[in-house]
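The structure appears below as C-alpha cells.
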C-alpha cells in the first residue's frame, strides 16, 4: 500500500513539472511581446503576473497534496 502513496506523489510531481513549463512559457511570451512592442509593457506585466500566480498556485496545490499523502500514514 505504501507503493501507491509514492506513485501518487510522483504524479503530483509531474503536475509540478507541467506548472514549471507553464511559467516558463508565460515569461517567454512576455519577453517576446515586450521586445516586439515596448509600449505595451505595463499592460503585459499585469496579465503576466496574474498568469504566473495562477500557474504557480497549481504547483503549490500539487505539492501540498503530495505532502499530505506522504505524511498521512
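Numbering (my numbering), first residue to last: 14 to 86. Ideal placement from N, C-alpha and C gives every residue a C-beta, glycine not left out. Quick caveat: nothing in here was measured; it's all calculated off a predicted structure.
Quiz prompt | Pairwise C-alpha distance: residue 58 and residue 24 | solution = 32 Å
Self-check item: Pair within 8 Å by beta-carbon distance, residue 73 and residue 22
Solution: no
Quiz item: Is it true that the CB of residue 71 sits closer than 8 Å to the CB of residue 16?
Solution: no
Quiz prompt | Same chain, Cβ closer than 6 Å to residue 46, five either side skipped, listed in chain order | solution = 57
Quiz item: In or out: residue 75 buried (at least 16 other Cβ within 10 Å) or exposed?
Solution: buried
Practice problem: Can you give me the start and stop residues for the alpha helix (DSSP H) that residue 8 sits inside? | Solution: What the structure shows of the chain is the stretch from 14 to 86, and residue 8 is not part of that stretch, so it cannot be assessed.
Practice problem: Tell me where the alpha helix (DSSP H) around residue 17 begins and ends. | Solution: 15-49
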